[in-house]
Amino acid sequence: MTVAILRFGGSNCDRDARAALDHLDVDAEIVWHEDGLPDDVEGVVVPGGFSYGDYLRAGAMAARSPVMAEVREAAESGVPVLGICNGAQIGSESGLTPGAFTTNRSARFQCEHVHLRVENAETPFTQVFEESDVISLPIAHGEGRFEIADDALATLRSEDRVLFRYCDTDGNVTDAANPNGSKDNIAGVLGEQESVAVLMPHPERATLPEVAGANGAGTDGAGVLAAFE
41 MTVAILRFGG SNCDRDARAA LDHLDVDAEI VWHEDGLPDD VEGVVVPGGF SYGDYLRAGA
101 MAARSPVMAE VREAAESGVP VLGICNGAQI GSESGLTPGA FTTNRSARFQ CEHVHLRVEN
161 AETPFTQVFE ESDVISLPIA HGEGRFEIAD DALATLRSED RVLFRYCDTD GNVTDAANPN
221 GSKDNIAGVL GEQESVAVLM PHPERATLPE VAGANGAGTD GAGVLAAFE
């Protein structure tokens, strides 16, 4: 699979994403957003960072890049698309997924390991897990609090489009396990197609064994990125 990892001004996790995909023997290349998606693209990763300095709102400016229209077209054709952290913010701002990501409840940048409960195991991004499995991934964000209108949240639930929820080590979804105040403890959601997902935690930082051993996150991220294998 040929995966395009988009780079915007201010992206800083594109090389991390490529290293993780390289480890999984996935053919991936970093693509400058102005160059557009390659004709043979079979997957898209919108990585983390601080695109355009997070001016206006996190992800708001990058979401208006012409390449995001190409990403939407690719998504509609079934190409797997994953937005990570700032990429999740870009995805929500561009309409790929519902809801929005805003300032953390703590009003500070948070960098820590969190536990996530798999809510839907029948997607490309969770195919190696079972429903209710607990995985561990790192977070690093200042605007990761997921917000969504109550009626839209009800739709997400009814359509089984909640991908991950923040939980404790035993899989209990509690306020204490919610690092940023996200509504309903939501850490990741699906778009209208199950091949489109955004999440605030960083799977690419929990994929390589040598990195996982150093930061304590494990290698659960490889299971998320298996969507591109």
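Take the sequence shown: its position 125, counting from 1, is numbered 165 in the numbering used here, and each next residue is one higher.
In this text, a Cβ means the ideal position worked out from N, Cα and C, and glycines have one as well.
Item, Value
"Nearest to LYS223 (by Cα), restricted to the options ASP210, ASN52, ASN144, ASP80", "ASN144"
"VAL81 - containing beta strand (DSSP E), residue span", "It is not in any beta strand (DSSP E) - VAL81 carries neither H nor E in the DSSP assignment."
"Beta-carbon contacts of GLU17 that lie in its chain and below 8 Å, excluding the five residues immediately before and after", "A query on residue 17 cannot be resolved here, the shown segment of the chain reaching from 41 to 269 and no further."
"Contact check, GLY83 vs PRO120, beta carbons under 7 Å", "yes"
"Residues near ASP62 by beta carbon distance below 8 Å, same chain, minus five either side", "ALA68"
"Cutoff 7 Å; reference PRO219; Cβ partners in own chain excluding five residues on either side", "GLN150, GLU152, VAL154, ILE179, TYR206"
"Under 7 Å between C-beta atoms of VAL238 and THR137", "yes"
"Option in ASP65, VAL71, GLN129 with minimal Cα separation from LEU276", "A query on residue 276 cannot be resolved here, the shown segment of the chain reaching from 41 to 269 and no further."
"Three-way DSSP call (helix, strand, coil) for ASP260 in this model", "coil"
"Whole-angstrom distance between ALA217 and GLU269, CA atom to CA atom", "31 Å"
"Endpoints, beta strand (DSSP E) assigned at LEU177", "174-181"
"CB of GLY123 within 7 Å of CB of SER172, strictly", "no"
"Beta bridge counterpart(s) of ILE188 as assigned by DSSP", "In the DSSP output, where bridge partners are listed per residue, ILE188 has none listed."
"For ALA44, the residue or residues it bridges with in DSSP", "GLU69, VAL84"
"DSSP three-state assignment for VAL238, whether helix, strand or coil", "strand"
"Through-space distance from ALA266 to ASP260, alpha-carbon basis", "10 Å"
"Simplified DSSP state of TYR206, which is helix, strand or coil", "strand"
"Short CB-CB distance (under 7 Å) between HIS181 and chain B", "Absence of chain B from the displayed structure is noted, only one protein chain being present."
"Within 7 Å, strictly: CB atoms of VAL43 and VAL66", "yes"
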